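Here the sequence shown stands for residues 1 to 351, where the numbers follow full-length UniProt numbering.
See below for the structure under consideration.
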Amino acid sequence: MDTDDPLPAATAFTVGLAYNLKKGIAAATEDAEAEYDNIETIEALESVFGKAGLKTVRLEQDAHFMTKVMDARPDFVFNIAEGIGGRSREGQVPAMLDILGIPYSGSDTTTLCVALDKALTKRILRGYRVPTPAYLELLPRPVTSHPRHRLRFPVITKPSCEGSSKGISDLAIADNDMELQGLLERNFRLYGQTMLVEEYIAGREFTVGLLGNGEDLRVFEPMEICYLDQINRENSIYSFNVKKNYQQYVRYECPAKLDKKANSTLKRYAATAFNALHCRDFARADFRLGADGTFHFIEINPLPGLAPGYSDYPMLAAANGVDYEQLVLAVLNAALQRHGLPTARFLQATA
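Structure below.
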């Protein structure tokens, strides 16, 4: 099959859209549904697919997801589902689609599960000589039973297997053992999972978008997250609250103001992380710049948000000259091409 031939307008090609929707359900933490999408994102994706002449069927993930997929019988699934509960949740939808033999966009179960585990990801990337802050992984047990550490304060604490800055509050940084103990006790109680404690890098923060696969992988120019409040440290971490109210706390600068060598190094680290973890189609990687000029890998998201006007990935893509509709179609086409399927194109030129 010639993958360069686009899907003809008359083709009844059905794209299933797999997702989890925010429900506004009361939970123990404000960020419980942070990773899930609003209906506006689903509608925006449907609009893009419609302009490419594709039929879309909604496949909200729940306990009946496999039945929904078997009933809908989509030709392909565009996956943005974060999953339901547990450290392997992001791999749930890909695993079910693999069982059913249905091709889908994005990374597979293994990559999604590994990348969600921040400590495991750091161990892997150290083997590829990608710098990352010194860290400690602590199991959910009485804080007093944890071994003494050699980390230099300040340190930042975060749940090891969460995304969308879940568990990273405005008070996530500890300056001494007493503060760290209090943070750990709180987070163990609220999140009930392994905690990552790592040395806090107080420098500039960057995020790098990646699009495509193999030799066609495009590494976008980095975007810097510039904090408007440089005095209060709690407002200088990309916490759940800062992300939710980003217009109040940050401005985005893309391309970031970096010299040629630093820019090249940052993009190389991002591509190394993408390839080392076997990411597919799209991803976004986060870094901090230390006082010594070293970029420190923080995490990679192989399932970055696609909320228009809000998510970092579409923002940095737009700053790189790729608007929302072009971006979504490019992600879809990267996946279609990887599966040996014809690519899609807009039926009419988009504005």
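Ideal Cβ placement from N, Cα and C applies to all residues, glycine included.
The structure presented is a predicted model; accordingly, all values stated were derived computationally and were not measured.
{"Item": "Roughly how many angstroms separate the alpha carbons of Phe49 and Leu329, rounded to a whole number?", "Value": "8 Å"}
{"Item": "Roughly how far, in whole angstroms, is the beta-carbon of Val57 from the beta-carbon of Pro74, given that I think they are within contact range, below 8 Å?", "Value": "6 Å"}
{"Item": "Can you name the start and end residues of the alpha helix (DSSP H) that Glu253 belongs to?", "Value": "No alpha helix (DSSP H) holds Glu253; the beta strand (DSSP E) holding it covers Val250 to Glu253."}
{"Item": "Which residues mark the beginning and the end of the alpha helix (DSSP H) in which Lys68 is found?", "Value": "Phe65 to Ala72"}
{"Item": "Between the region 186 to 201 and the region 219 to 231, do three or more beta carbon pairs fall short of 8 Å?", "Value": "no"}
{"Item": "Does the beta-carbon distance from Asp312 to Arg284 come in below 8 Å?", "Value": "yes"}
{"Item": "Kindly list the residues whose CB is nearer than 8 Å to the CB of Asp15, restricted to its own chain and excluding five residues on each side of it in sequence; keep chain order.", "Value": "First, the amino acid is wrong: residue 15 is Val here, not Asp. Once the five neighbours on either side are set aside, the close Cβ partners of Val15 are Phe49, Leu54, Lys55, Thr56, Val57, Pro74, Asp75, Phe76, Val77, Phe78 and Leu332."}
{"Item": "Could you give the first and the last residue of the continuous beta strand (DSSP E) run that contains Lys55?", "Value": "Lys55 to Glu60"}
{"Item": "Flag this pair as yes or no: are the beta carbons of Pro314 and Leu306 separated by less than 8 Å?", "Value": "yes"}
{"Item": "Alpha carbon to alpha carbon, how far is Met66 from Phe346? Give it in angstroms, no decimals.", "Value": "30 Å"}
{"Item": "Alpha carbon to alpha carbon, how far is Gly340 from Gly212?", "Value": "14 Å"}
{"Item": "According to DSSP, which residues form a beta bridge with Val77?", "Value": "Gly16 and Tyr104"}
{"Item": "Going along the chain, which residues of its own chain have a beta-carbon closer than 6 Å to the beta-carbon of Asn320, five neighbours each way excluded?", "Value": "Phe220 and Glu221"}
{"Item": "Note the first and the last residue of the continuous beta strand (DSSP E) segment covering Gly212.", "Value": "Glu205 to Gly212"}
{"Item": "Can you list, in chain order, the residues of its chain whose CB lies under 8 Å from that of Asn235, leaving out five sequence neighbours each side?", "Value": "At Asn235 the pLDDT is 49, less than 50, meaning the model places this residue with poor confidence; the figure from the coordinates comes in the next sentence. These residues qualify, in order along the chain: Asp170, Tyr227, Leu228, Asp229, Val242 and Tyr249."}
{"Item": "Please report the straight-line C-alpha distance between Ile124 and Arg87, rounded to a whole angstrom.", "Value": "17 Å"}
{"Item": "Cα separation between Ala95 and Tyr19?", "Value": "14 Å"}
{"Item": "So Asp281 is in the beta strand (DSSP E); what residue range does that whole segment cover?", "Value": "Asp281 to Leu289"}
{"Item": "Thinking just about the alpha-carbon of each residue, which of Cys254, Ile300 and Asp292 is nearest to the one in Thr272?", "Value": "Ile300"}
{"Item": "Determine which residues share a DSSP beta bridge with His296 and list them.", "Value": "Arg288"}
{"Item": "For Pro154, which residues in the same chain have their Cβ closer than 7 Å to its Cβ, ignoring the five residues on either side in sequence?", "Value": "Ile173, Ala174, Asp175 and Tyr200"}
{"Item": "By the DSSP assignment, the alpha helix (DSSP H) with Glu46 in it spans what residues?", "Value": "Ile39 to Lys51"}
{"Item": "Please report the straight-line C-alpha distance between Pro159 and Asp292, rounded to a whole angstrom.", "Value": "27 Å"}
{"Item": "Hey, how far is the Cα of Lys118 from the Cα of Gly192?", "Value": "16 Å"}
{"Item": "Report the three-state DSSP secondary structure of Ala174 (helix, strand or coil).", "Value": "strand"}
{"Item": "Do you know how far the Cα of Thr157 is from the Cα of Leu21?", "Value": "27 Å"}
{"Item": "On the criterion of 16 or more Cβ atoms from any shown chain inside 10 Å, does Asp281 qualify as buried, or is it exposed?", "Value": "buried"}
{"Item": "What is the DSSP secondary structure of Ile237, reduced to helix, strand or coil?", "Value": "coil"}
{"Item": "How many angstroms separate the CA atom of Ala26 from the CA atom of Glu185?", "Value": "Only weak support is given to the placement of Ala26: the predicted model assigns it a pLDDT of 49, under 50, and the question is left unresolved by the model."}
{"Item": "Please say whether Leu266 and Phe287 have beta carbons closer to each other than 8 Å?", "Value": "yes"}
{"Item": "Please classify Gly214 as buried or exposed, where buried requires at least 16 other C-beta atoms within 10 Å of its C-beta.", "Value": "exposed"}
{"Item": "Which same chain residues end up closer than 8 Å to Met70 when comparing Cβ atoms and leaving out the 5 residues on each side of it in sequence?", "Value": "Leu100"}
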